[in-house]
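Colleague:
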């Protein structure tokens, strides 16, 4: 998701997205530890999304 799209969302939507992204990151890490994850780059992308969401939430 692009930065401008995230800036247009309100705080509650961003918090919901953050919770969902953290849940997804946790699941991806479990799959990686069990060697079930094919695309490891997905972990990095999700981690970057969490960081982006936290940055935008702290600015608001």
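In the working numbering, the protein residues as written are 1 to 60.
Using N, Cα and C, we set each Cβ at its ideal position, and we do this for glycine too.
Please list the terminal residues of the continuous alpha helix (DSSP H) segment that includes residue 37.
Modeller: Taken as a continuous stretch (DSSP letters only), residue 37 belongs to no alpha helix (DSSP H), as it is neither H nor E.
Colleague: Below 7 Å, is the gap between the Cβ of residue 42 and the nearest heavy atom of the ligand MN?
Modeller: The ligand MN is absent from the structure shown, which contains no ligand whatsoever.
Colleague: If you drop the 5 nearest sequence neighbours on each side, which residues of the same chain put their C-beta closer than 6 Å to that of residue 24?
Modeller: 46
Colleague: Would the beta-carbon of residue 21 fall within 8 Å of that of residue 50?
Modeller: yes
Colleague: In three-state terms, what does DSSP make of residue 11?
Modeller: helix
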